[in-house]
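Since the structure comes first, as structure tokens, the remarks are kept for the end.
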Amino acid sequence: MFPFSFEWAWDAAHIVFMGGLWYALSIVGLGMTYCIIKATMDTISGKGGNHH
Amino acid sequence: MDSALIPKGVKRCPLPVFAAGIAVVGAVVLWGVAGMLLCWLKGLNQTNMNDSYGFALWIWADLAVIAVGGGAFFTGFLRYIINKEELKNIVNFAVLVGVNCYVGALLILGIDVGQPLRGWFIFWHANVHSMLTEVAFCLSCYLGVLIIEYIPLVLENRQIDKVPFFHNLGHNMHEIMAVFAATGVFLSCFHQGSLGGVAGVLFGRPFSYREHLLVWPWTFFLFTWSAAAFGPCFTILCTKITEVITGKKLVKDNVIELLAKISGWMIFFYIIAKTTDTWYWAAHTAPAMGFELNDFYNNVLYGKWILYAEIIVGGFIPALILITKAGRRNPLLLWTAVLLATFGVCLNRWVMVCQTMAAPVLPFDKWVLYSPSWQEVSTTILPVALGIIVVSLSYRYLPVFPQEQELNPID
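These protein sequence lines are chains H and A, in that order. When the letters of the first sequence are read in order and numbered with numbering that gives the first Met the number 0, they come out as residues 0 to 51. When the letters of the second sequence are read in order and numbered with numbering that gives the first Met the number 0, they come out as residues 0 to 410.
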């Protein structure tokens, strides 16, 4: 549920519940995005190719 | 045949033997799938749940696997946040066990809700006054975190690791694993607690109702605490079972001892808190609602034995074994302790789910007992069988135990 959903209300319960969900999803999403972008850049720069 | 996929420096059984083992467990999976399809196609009339038992075997199984799966978040917390270096040798396996537990929990919930296609409603049309909404949020997010913690292990497979991008991705994920682990601890604390909170707020069910701290009943804190305390015991138990099946030592004793010691002290303080909570409930909370302790334990199945079994047999005894060095170092006692601890936390969840439903509430009420249908049993065993297959595949093809090579040198 987002603030633009018809059933949204600007009260503490919605802000705490949905805020907590978005907070957790944001951290996980940003963390994975960082890892994927850095892995792509590392690969382009030739890292990890001869580690065996 | 599959030797190119097996980690270097370790030995595995021949593929046909492995395949035969998987086929046996696969037959159990098929039995579970049959029960699952019946429940989805024909509806929840395939179960023995009724007006008295809206929560039954499935919800107990959910709460139990989530509790024992707590070993993943607590071991991750100890490894990545507290920085207990030794635990790097068991954290992979703890995560693997955790993934299986949470996949199992969500699979069972997917059957229990009756309409899994509307599962997304809980996110989009969330009831923000329900503890179960918080459970649903945290449970699904935490499964995502667990899968993220498991991915680097998959990327360490010999063939996958040869691909530079995957090698770099695994390396980068390792580097920020503390962030994911901390998120996992945050999510776990809340969903474990809210599962306990659901029972504690039932003011119409004096057996499970508890006093509150702000909006949180004491069961909220006890459930979180017990998952962190007993979860590592289940991780140790699974490690020991894997060692017996493979005939190898996979984790050094000092690692097991450290985890057992921490778990032992956590259980020790938890069980004191649980005993205090039970005493306060029996002496004050329940009498204030017109009940005496005996009212909740005057049934053959639900006699006082169940209370003693949970607190003494499944609590104090394993705690006392694990907090003593001699107890932890004696293999037989260690086995006993982790088995009793796992039994204790599962019994606690049974009591909080099923005894809560069974106990009479009104003066003219009688005990309502329940036995599950085969569909409920098969679908409850299904995630266990799936878990065995996933653990077997992971053990065979991934470096789950970093100390295996050192402990089992190949001539």
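Quick reminder that beta carbons are idealized off the backbone N, C-alpha and C, glycines included.
So, is H:I36 buried or exposed, given that buried needs 16 or more other C-beta atoms within 10 angstroms?
-> exposed
Measure the C-alpha to C-alpha separation of A:M0 and A:C12 and round it to an integer number of angstroms.
-> 11 Å
What residues of chain A sit near H:A16, judged by a beta carbon separation below 8 Å?
-> The question names Ala, yet the displayed sequence has Phe at residue 16 of chain H. The answer, in chain order, is A125, V127, T132, E133 and F136.
Shorter than 9 Å from the beta carbon of A:I409 to some beta carbon of chain H?
-> no
Give the residues from the region 183 to 200 of chain A that approach chain H closer than 9 Å (Cβ to any Cβ), ordered along the chain.
-> F185, L186 and F189
So is A:P286 buried or exposed if we call it buried at 16+ other beta carbons inside 10 Å?
-> Here A:P286 is exposed. Its C-beta has fewer than 16 other C-beta atoms within 10 Å.
Spatial neighbours of A:T182 in its chain, beta-carbon cut-off 7 Å, leaving aside the 5 residues before and after | V144
Looking at chain A, which residues of the region 33 to 44 of chain H have a Cβ within less than 8 Å of any of its Cβ atoms?
-> Y33, C34, I35, K37, A38, T39, D41 and T42
Taking C-alpha atoms, which residue in A:S139, A:K161, A:L138 and A:H166 lies nearest to A:P151?
-> A:H166
Looking at the unbroken alpha helix (DSSP H) that takes in A:L152, where does it start and where does it end?
-> M130 to L154
Nearest-angstrom Cα distance between A:K324 and A:L338?
-> 18 Å
State the DSSP-derived secondary structure class of A:P286, mapped to helix, strand or coil.
-> Here DSSP, grouped into helix, strand and coil, assigns A:P286 to helix.
Listed in chain order, which residues of the region 151 to 168 of chain A have Cβ atoms closer than 9 Å to some Cβ of chain H?
-> Those residues of the region 151 to 168 of chain A that come within reach of chain H (Cβ to Cβ, closer than 9 Å) are D160, K161, V162, P163, F164, F165, H166, N167 and L168.
If you draw a straight line from the C-alpha of A:W59 to the C-alpha of A:M35, how long is it?
-> Distance between the alpha carbons of A:W59 and A:M35: 17 Å.
Name, please, each residue of chain D whose Cβ falls closer than 9 Å to the Cβ of A:C345.
-> In summary, chain D is missing from the structure at hand, where the protein chains are H and A.
Rounded to whole angstroms, what's the CA-CA distance from A:A66 to H:D10? Just pull it up for me.
-> 32 Å
Closer than 9 Å, CB to CB, is A:C140 near chain H or not?
-> Taking Cβ atoms only, chain H reaches closer than 9 Å to A:C140, which makes this a yes.
Look at the alpha carbon of A:L194 and the alpha carbon of A:M130, and state the distance between them as a whole number of angstroms.
-> 7 Å
For A:N82 and chain H, any beta-carbon pair shorter than 9 Å?
-> So no, A:N82 is outside the interface.
In chain order, what residues of the same chain lie with their CB nearer than 6 Å to the CB of A:S377, ignoring the 5 residues before and after it?
-> W30, G31 and G34
Cutoff 6 Å; reference A:L201; Cβ partners in own chain excluding five residues on either side | S207 and Y208
Determine the direct distance from the alpha carbon of A:G109 to that of A:L332, and round the result to whole angstroms.
-> 38 Å
Check the Cβ of A:V144 against every Cβ in chain H and list those closer than 7 Å, keeping chain order.
-> Identification of chain H residues near A:V144 by a Cβ-Cβ cut-off of 7 Å yields V27, ordered along the chain.
How big is the Cα-Cα spacing for A:G263 and A:I322?
-> If I take the Cα positions, the gap works out to 5 Å.
Is it right to say H:S4 is buried, meaning 16 or more other beta carbons lie within 10 angstroms of its own, or is it exposed?
-> So H:S4 ends up on the exposed side.
What alpha helix (DSSP H) runs, 4 residues minimum, are completely inside the region 184 to 235 of chain A?
-> none
Among A:P6, A:N88, A:T275 and A:G20, which has the Cα closest to the Cα of A:L255?
-> Checking the sequence shown, residue 255 of chain A turns out to be Ile, not Leu. It is A:N88 whose Cα lies nearest to the Cα of A:I255.
Spell out the partners DSSP gives A:G302 in its beta bridges.
-> A:G302 is bridged to A:N297.
Answer with yes or no whether the minimum CB distance from A:A19 to chain H is below 9 Å.
-> No, its Cβ sits nowhere closer than 9 Å to a Cβ of chain H.
Check the Cβ-Cβ distances between A:I5 and every residue of chain H, and say whether any is below 9 Å.
-> no
Opening and closing residue of the alpha helix (DSSP H) in which H:M31 lies | A11 to I43
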